[in-house]
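Peer 1:
2 protein chains.
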Amino acid sequence: MSKNHENPSPRHAKGEDTRKKLVEAALGSFQAQGYRGTGLSQLLNESGFPRGSLYFHFPDGKEQLGVAAMQLARGEIGAGIDTAFEVAKNPTEALRLIADGFAAELETSGFARGCPVTTVALEAGDDTPGLRDACAQTYDDWIERLTAHLKAAGMGAARAGRLATFALSAIEGALILARSRRSTAPLYEAVDELSLLLK
Amino acid sequence: MSKNHENPSPRHAKGEDTRKKLVEAALGSFQAQGYRGTGLSQLLNESGFPRGSLYFHFPDGKEQLGVAAMQLARGEIGAGIDTAFEVAKNPTEALRLIADGFAAELETSGFARGCPVTTVALEAGDDTPGLRDACAQTYDDWIERLTAHLKAAGMGAARAGRLATFALSAIEGALILARSRRSTAPLYEAVDELSLLLK
Numbered sequence: 000m001s002k003n004h005e006n007p008s009p010r011h012a013k014g015e016d017t018r019k020k021l022v023e024a025a026l027g028s029f030q031a032q033g034y035r036g037t038g039l040s041q042l043l044n045e046s047g048f049p050r051g052s053l054y055f056h057f058p059d060g061k062e063q064l065g066v067a068a069m070q071l072a073r074g075e076i077g078a079g080i081d082t083a084f085e086v087a088k089n090p091t092e093a094l095r096l097i098a099d100g101f102a103a104e105l106e107t108s109g110f111a112r113g114c115p116v117t118t119v120a121l122e123a124g125d126d127t128p129g130l131r132d133a134c135a136q137t138y139d140d141w142i143e144r145l146t147a148h149l150k151a152a153g154m155g156a157a158r159a160g161r162l163a164t165f166a167l168s169a170i171e172g173a174l175i176l177a178r179s180r181r182s183t184a185p186l187y188e189a190v191d192e193l194s195l196l197l198k
Numbered sequence: 000m001s002k003n004h005e006n007p008s009p010r011h012a013k014g015e016d017t018r019k020k021l022v023e024a025a026l027g028s029f030q031a032q033g034y035r036g037t038g039l040s041q042l043l044n045e046s047g048f049p050r051g052s053l054y055f056h057f058p059d060g061k062e063q064l065g066v067a068a069m070q071l072a073r074g075e076i077g078a079g080i081d082t083a084f085e086v087a088k089n090p091t092e093a094l095r096l097i098a099d100g101f102a103a104e105l106e107t108s109g110f111a112r113g114c115p116v117t118t119v120a121l122e123a124g125d126d127t128p129g130l131r132d133a134c135a136q137t138y139d140d141w142i143e144r145l146t147a148h149l150k151a152a153g154m155g156a157a158r159a160g161r162l163a164t165f166a167l168s169a170i171e172g173a174l175i176l177a178r179s180r181r182s183t184a185p186l187y188e189a190v191d192e193l194s195l196l197l198k
């Protein structure tokens, strides 16, 4: 729901709601079976919206929908990072809460749903520059948030930036192994190793 | 080239050569644009082989070709891991040599070619169980090799196993960030952080 409209007309609100549901459905599908493995027809069938609603909200096509999905993931996981650091006693506990979020998603989906951005990032190439940029900006955003939280916990700026990048690398990689091995163990082991560097 | 045949007929040798080239072409394409993003027609056009050669060597279709590509990657990168630990003075230097290999591949391909297994692993789902298993076995093989090398360098078995898994997580994740940011920095930063844990 757009915050730019304080009194949206019912019609506008309904359109925003349709757009949001389309983006959520797309993100879920990209997460489980990839960007290229997701057909727009299948997406419309599953979400129950008419083809016209897709063309109306995403006139530039699938890549535009992909960019919107990455922006949704960026905001959702970014908010998850912020919340974890707000409620946790220390950075290690915060990373464990972040791992809990990913572990729950993996387990409830039968290990189908890992990081919603990574699959798309690996598929995005020269033929989808907008999508590639949206993925890169998402990782940058998460690293900036992690850096800010590590600095707030007392770490020097340079060390915080390096550890934030490394923590994201380690967690993204662990998510791949966790999905592949159908076990959340690699995720929690990654947090345990990171905790040794956070001391 | 099969080692089971000491005196292959020229015809057999030619068939094995065709199979090998098809698998290499498939692996390169999966690495750059994903399993689902790779069309068999495009692959045949680029490799110059007739469609019949694909059906002959991979009668079960694309997934069978995918499994063979993952087995090729498993052997190639596995051998790279072994060589790195054989020539390096210590585990940190070995990880740096492994990073060098991935960095060269990223740079010569304009950051298109990251880990050849990860993209496929993330795309593989319930509809391609053979491919999913081949990816999981590949990661397991690499972790076993890393574990053996860390043990040979004097590390206890349990710690070696955990660090091997974590090192693979960190390097795989760093490869994703490196590809996305078009910079090899995350890869070498990951090795620097891992070196702190290897001490």
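Protein chains in written order, with numbering that gives the first Met the number 0: chain A, 0 to 198; chain B, 0 to 198. We treat Cβ as the ideally placed atom computed from N, Cα and C, and that holds for glycine. Source: prediction; values computed, not measured.
#1: Would you kindly work out how many angstroms separate the C-alpha atoms of residue 102(B) and residue 186(B), rounded to a whole number?
#2: Can you give the beta carbon distance from residue 189(B) to residue 169(B), rounded, assuming they're within the 8 Å contact cut?
#3: So if I threshold CB-CB distances at 9 Å, which residues from the segment 185-197 of chain A count as touching chain B?
#4: Might you give, ordered along the chain, the residues of its own chain that have their beta carbon closer than 7 Å to the beta carbon of residue 166(A), omitting 5 neighbours on each side?
#5: Can you list, in chain order, the residues of its chain whose CB lies under 8 Å from that of residue 21(B), leaving out five sequence neighbours each side?
#6: Under 8 Å between beta-carbons, which chain A residues line up against residue 176(B)? List them in chain order, please.
#7: When you check each C-beta in the segment 116-138 of chain B against every C-beta of chain A, which residues fall closer than 8 Å?
#8: Output yes if chain A places a C-beta closer than 8 Å to the C-beta of residue 79(B); else output no.
#9: Buried or exposed for residue 36(B), please, with buried defined as at least 16 other CB atoms from any protein chain shown within 10 angstroms of its CB.
#10: Report the residue from 89(A), 129(A), 124(A) and 99(A) whose alpha carbon sits nearest the alpha carbon of residue 68(A).
#11: Less than 8 Å between the CB atoms is what I'm expecting for residue 84(B) and residue 181(B), so what's the real figure, rounded?
#12: CA-CA distance, residue 202(B) and residue 142(A)?
#13: Near residue 100(B), what residues of its chain come up, given a Cβ to Cβ distance below 6 Å and the 5 sequence neighbours on each side ignored?
#14: Residue 137(B) and residue 178(B) - do their beta-carbons sit closer together than 8 Å?
#15: Check whether the Cβ of residue 60(B) lies closer than 8 Å to any Cβ atom in chain A.
#16: Going straight from the alpha carbon of residue 152(B) to that of residue 86(B), what length do you get?
#17: Can a CB atom of chain A be found closer than 8 Å to the CB of residue 95(B)?
#18: In this structure, does DSSP put residue 66(B) in helix, strand or coil?
#19: Could you tell me the alpha carbon to alpha carbon distance between residue 92(B) and residue 108(B), rounded to whole angstroms?
#20: Between the beta-carbon of residue 147(B) and the beta-carbon of residue 134(B), is there less than 8 Å?
#21: Residues of chain A with CB under 7 Å from residue 35(B), in chain order?
#22: Please compile the residues from chain A whose C-beta is within a distance smaller than 9 Å of the C-beta of residue 40(B).
#23: Does residue 179(B) get closer than 8 Å to chain A when you measure Cβ to Cβ?
#24: Using 8 Å for Cβ pairs, my map puts residue 26(B) next to residue 115(B). What's the rounded Cβ distance?
#25: Tell me whether the beta-carbon of residue 60(A) lies closer than 8 Å to the beta-carbon of residue 121(B).
#26: Quick check on DSSP: helix, strand or coil for residue 182(B)?
#27: Taking the beta carbon of residue 40(A) as the centre, do at least 16 other beta carbons fall within 10 Å, making it buried, or is it exposed?
#28: With a threshold of 16 other CB atoms inside 10 Å of the CB of residue 155(A), please say whether the residue is buried or exposed.
#29: Closest to residue 162(A) by CA distance: which of 196(A), 77(A) and 17(A) is it?
#30: What did DSSP end up calling residue 187(A) once you bin it into helix, strand or coil?
#31: Quick check: what's the CA-CA separation for residue 89(A) versus residue 127(A)?
#32: Check whether the Cβ atoms of residue 183(A) and residue 71(A) sit closer than 8 Å, and answer yes or no.
#33: With C-beta atoms as the reference, is residue 164(A) less than 8 Å away from residue 176(B)?
#34: Looking only at C-alpha atoms, which of 28(A), 13(A), 19(A) and 12(A) sits nearest to residue 113(A)?
#35: For the alpha helix (DSSP H) that residue 134(A) lies in, which residues bound it at each end?
#36: Flag residue 113(A) as yes if its beta-carbon sits less than 8 Å from any beta-carbon of chain B, otherwise no.
Peer 2: If we stick to the structure as given:
#1: 8 Å
#2: 5 Å
#3: 185, 186, 188, 189, 191, 192, 193, 195 and 196
#4: 94, 145 and 193
#5: 42, 46, 48, 52, 53, 56, 57 and 64
#6: 138, 164, 167, 168 and 171
#7: 117, 118, 120, 121, 122, 124, 125, 131, 134, 135 and 138
#8: no
#9: buried
#10: 129(A)
#11: Their Cβ separation, rounded to whole angstroms, is 29 Å, which puts residue 84(B) and residue 181(B) out of contact at 8 Å.
#12: Examination of residue 202(B) is not possible in this model, given that chain B is present from 0 through 198 alone.
#13: 79
#14: no
#15: no
#16: 13 Å
#17: no
#18: helix
#19: 24 Å
#20: no
#21: 33, 35 and 36
#22: The premise fails here: residue 40(B) is roughly 15 Å from chain A at the closest Cβ pair, so nothing lies under 9 Å.
#23: yes
#24: 6 Å
#25: no
#26: coil
#27: exposed
#28: exposed
#29: 196(A)
#30: helix
#31: 39 Å
#32: no
#33: yes
#34: 28(A)
#35: 128-151
#36: yes
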